[in-house]
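Numbering (our numbering), first residue to last: 35 to 524. C-beta: ideal position from N, C-alpha, C; glycine also. None of the values given here were measured: they were computed from a predicted structure. Just below is one structure, and these are the notes that go with it.
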Ligand SMILES: [Zn+2]
């Protein structure tokens, strides 16, 4: 054997649209990597040619590497048989049906070739070089366009009888759910992978009804109302009942209403574009709308109920509590591994014994307690005890964080509700009444122009303030939902 110290392997990842390949050394370090397009449709040979050209490109970049290659590991879209290296019928690569991928690639490069499902390969990589290093048994889950899972036991991928063990993404959890790409209804993948999250967010937004922008509607209604006043004022001007300067002042105020509408339109469009970006949605902005009740709920539950709900639901806290449990179990294991049980034995003899030479029929009992000269588990016991303390501290910190999140968000909601209540109960109606009364008086010569203009602007300010308060209430409510960690508030 020569050059084992610098031998290399090739890792290849085949997807529906691309082939990624890398030169990897014995420590799992990637020396060089490339990406080329995959040919997924057409003849089986076209798909193979795309893979071979990817690997060739790698060697073209590193001419000396060709002689150092000891094997090729490939992950291909499933279902496949890792034992034989045959790709069965992947939906993403339809050109391969019962295609002996490992054998075909082996013929080209004359080195051993292994084919695995991509989640299994990722699980193995985590076990060797990643987050799962040092653990005997690991479960891996990768969430992206799909959900891929893998199990590694004692450093080996658990394939099961057919090679399809640990296909966790295709476990059905809702038999009435949407149909998955694999043909079954309600797989975890179709409910919880990336596209499903975006789909649920969209349908949630679509299912709630209300006008698109309260501010825009307000501005439009104000302008309509004001145009009627301008008509009346013109008539009064023509009749000699109103000075030119007063008519000018009334007409100039209209510019403010117009610019408010323009601002509202720009803000609405900007907000929609931001939301579309966050949802990673390519719907044209003009066809996209956000709806939902633009109102507030003034019956806020006591703070403790939100705190309790958060303790029950926050995923970070649940994880911290599980870590404590795990370290307690480890500690118990360490103690029981270190302790030795006394052994009991009893004997009976019919013949005379050494201890009792004259009497047959002797019954004896003995108890053995092994002497603990050196308890090899002392270190492990100490370590696991430290682990428990550390997890306990981490969980206390998380619990404090949960309370602080909930308390802050709760206070925001509470103060917004306190500010909104008088508007709903009093100010909104008052402002409307003042505007209508002053307008009526002005039209009939009973109020000055200044009174009239002030009443208009007061009314508009009250409306705007209410709309803005509602906006910050809804934001605070969203934060509280997030802090509690569940979609439904108590
Ligand atoms: Zn499925």
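- Item | Rounded separation between residue 500 and residue 205 - CA only | Here residue 500 refers to the residue found at position 466 of the chain shown. Here residue 205 refers to the residue found at position 171 of the chain shown. If I take the Cα positions, the gap works out to 49 Å.
- How about the segment 168–184 and the segment 126–138: do they share at least three Cβ pairs that are nearer than 8 Å? Taking one beta carbon from each stretch, the segment 168–184 and the segment 126–138 have fewer than 3 pairs nearer than 8 Å; the two do not touch.
- Are three or more beta carbon pairs between the segment 429–441 and the segment 454–461 nearer than 8 Å? Verdict: no, contact absent.
- Item | residue 42 - partner residues in DSSP beta bridges | In the chain shown, counting from the first residue as 1, residue 42 sits at position 8. Note: residue 42 sits in a beta bridge opposite 103.
- Compute the Euclidean distance between the alpha carbons of residue 526 and residue 369, then round it to the nearest angstrom. Only positions 35 to 524 of the chain appear in the structure, and residue 526 is not among them; the question remains open.
- Message: Whole angstroms are fine: how far does the CA of residue 470 sit from the CA of residue 513?
- Response: By one-based count along the chain shown, residue 513 stands at place 479. By one-based count along the chain shown, residue 470 stands at place 436. Going by the C-alpha atoms only, they are around 38 Å apart.
- Item | Option in 366, 190 and 234 with minimal Cα separation from residue 416 | Taking the chain shown and counting its residues from 1, the one referred to as residue 416 is at position 382. Residue 416 has its Cα closest to that of 366, out of 366, 190 and 234.
- Query: Is it the case that the CB of residue 518 approaches a heavy atom of ligand 1 more closely than 7 Å?
  - Reply: Here the question's residue 518 lines up with position 484 in the chain shown. Because no heavy atom of ligand 1 lies under 7 Å away, the Cβ of residue 518 does not count as near it: no.
- If I'm right that residue 56 touches residue 64 with Cβ under 8 Å, what's the distance once you round it to whole angstroms? Residue mapping note: residue 56 aligns to position 22 of the chain shown, counting from 1. Residue mapping note: residue 64 aligns to position 30 of the chain shown, counting from 1. Indeed they touch by this definition, with Cβ atoms about 5 Å apart.
- Query: What does a CB cutoff of less than 8 Å around residue 260 pick up in its chain, not counting 5 residues either side in sequence?
  - Reply: As a working note, residue 260 is residue 226 in the chain shown. Here the set comprises 287, 288, 291 and 490.
- Task: Mind reading off the beta-carbon distance from residue 182 to residue 153? Whole number of angstroms is fine, and I expect it under 8 Å.
- Result: For the purposes of this step, residue 182 is identified with residue 148 of the chain shown, where counting begins at 1. For the purposes of this step, residue 153 is identified with residue 119 of the chain shown, where counting begins at 1. Indeed, because the Cβ distance is near 3 Å, the residues count as touching under 8 Å.
- Task: Can you tell me which of 81, 399, 281 and 334 puts its alpha carbon nearest to the alpha carbon of residue 451?
- Result: Translated into the one-based positions of the chain shown, residue 451 becomes position 417. Distance from the Cα of residue 451 is smallest, within the candidate group 81, 399, 281 and 334, for 334.
- If you draw a straight line from the C-alpha of residue 212 to the C-alpha of residue 203, how long is it? Here residue 212 is taken as the residue at index 178 of the chain shown, counted from 1. Here residue 203 is taken as the residue at index 169 of the chain shown, counted from 1. Annotation: residue 212 to residue 203 spans about 14 Å, alpha carbon to alpha carbon.
- Message: Just to confirm my understanding: we take residue 472, look at its own chain, exclude 5 residues before and 5 after, and list those with CB closer than 7 Å. What are they?
- Response: In the chain shown, counting from the first residue as 1, residue 472 sits at position 438. Within the same chain, residue 472 has close Cβ partners 481, 485, 486 and 489.
- Item | Span separating the alpha-carbon of residue 73 from that of residue 81 | Translated into positions along the chain shown, residue 73 becomes position 39. Translated into positions along the chain shown, residue 81 becomes position 47. For residue 73 and residue 81, the distance between alpha carbons rounds to 5 Å.
- Task: Check whether the Cβ of residue 215 sits closer than 7 Å to any heavy atom of ligand 1, and report yes or no.
- Result: If you number the chain shown from 1, residue 215 lands on position 181. Yes, the Cβ of residue 215 comes within 7 Å of a heavy atom of ligand 1.
- Task: Return the chain-ordered list of same chain residues with a C-beta closer than 8 Å to the C-beta of residue 122, the five sequence neighbours on each side being excluded.
- Result: Locating residue 122 in the chain shown gives position 88, where the first residue counts as 1. 112, 113, 114, 115, 131 and 132, listed in sequence order.
- Item | CB of residue 139 within 8 Å of CB of residue 158, strictly | For the purposes of this step, residue 139 is identified with residue 105 of the chain shown, where counting begins at 1. For the purposes of this step, residue 158 is identified with residue 124 of the chain shown, where counting begins at 1. In this structure, residue 139 lies away from residue 158, with their beta-carbon atoms at least 8 Å apart.
- Message: Given 7 Å as the limit, tell me if residue 109 has its C-beta closer than that to any heavy atom belonging to ligand 1.
- Response: Numbered from its first residue, the chain shown carries residue 109 at position 75. For residue 109, the shortest separation between its Cβ and any heavy atom of ligand 1 does not lie below 7 Å.
- At least 3 beta-carbon pairs within less than 8 Å: the segment 216–233 vs the segment 268–280: Touching, no, given that fewer than three Cβ pairs across the two stretches are closer than 8 Å.
- Could you tell me which residues DSSP pairs with residue 110 in its beta bridges? If you number the chain shown from 1, residue 110 lands on position 76. DSSP lists 151 as partners of residue 110.
- Message: Could you check whether the Cβ of residue 218 sits closer than 7 Å to any heavy atom belonging to ligand 3?
- Response: What this structure holds is ligand 1, not ligand 3.
- C-alpha gap between residue 418 and residue 162, whole angstroms: For the purposes of this step, residue 418 is identified with residue 384 of the chain shown, where counting begins at 1. For the purposes of this step, residue 162 is identified with residue 128 of the chain shown, where counting begins at 1. Taking the Cα positions, residue 418 is about 24 Å away from residue 162.
- Which term fits residue 156, buried or exposed, when burial requires 16 or more other beta carbons within 10 angstroms of its beta carbon? Here the question's residue 156 lines up with position 122 in the chain shown. Buried, because 16 or more other Cβ atoms sit within 10 Å of the Cβ of residue 156.
- Query: Can you tell me the Cα-Cα spacing of residue 224 and residue 345, whole angstroms?
  - Reply: Here residue 224 refers to the residue found at position 190 when the chain shown is read from its first residue. Here residue 345 refers to the residue found at position 311 when the chain shown is read from its first residue. Whole-angstrom Cα-Cα distance: 29 Å.
- Using only alpha-carbon positions, find the residue among 255, 148, 340 and 43 that is nearest to residue 498. One-based indexing of the chain shown puts residue 498 at position 464. Per the C-alpha coordinates, the member of 255, 148, 340 and 43 positioned closest to residue 498 is 255.
- Message: Are there any heavy atoms of ligand 1 lying less than 7 Å away from the beta-carbon of residue 224, as far as the coordinates show?
- Response: One-based indexing of the chain shown puts residue 224 at position 190. Because some heavy atom of ligand 1 lies under 7 Å away, the Cβ of residue 224 counts as near it: yes.
- In terms of residues, what are the limits of the alpha helix (DSSP H) holding residue 510? One-based indexing of the chain shown puts residue 510 at position 476. Here the alpha helix (DSSP H) through residue 510 covers 483–518.
- Task: Report buried or exposed for residue 318, applying the criterion of at least 16 other Cβ atoms within 10 angstroms of its Cβ.
- Result: Position 284 of the chain shown, counted from the start, is the residue given in the question as residue 318. It is exposed - the Cβ of residue 318 has fewer than 16 other Cβ atoms within 10 Å.
- Item | Of the residues 262, 510, 180 and 118, the one placed nearest residue 535, counting alpha carbons only | Because the chain is modelled from 35 through 524, residue 535 falls outside the range shown and cannot be assessed.
- Minimum C-alpha distance to residue 177 - residue among 300, 53 and 231: Within the chain shown, numbered from 1, the residue matching residue 177 stands at position 143. Comparing Cα-Cα distances from residue 177 to each of 300, 53 and 231, the minimum goes to 231.
- For residue 222, which residues from the same chain have a beta carbon less than 7 Å from its beta carbon, with the 5 sequence-adjacent residues on both sides left out? The residue given as residue 222 occupies position 188 in the chain shown. If the five residues before and after residue 222 are omitted, its C-beta is found closer than 7 Å to the C-beta atoms of 181, 202, 203, 205 and 207, all from its own chain and listed in chain order.
- What do you reckon, is the C-beta of residue 187 under 7 Å from a heavy atom of ligand 1? Counting from one through the chain shown, the residue named residue 187 turns up at place 153. No, ligand 1 has no heavy atom inside 7 Å of this Cβ.
- Answer yes or no: does any C-beta atom of chain C fall closer than 8 Å to that of residue 166? As a matter of chain content, chain C is missing from the structure shown, which is built from one protein chain.
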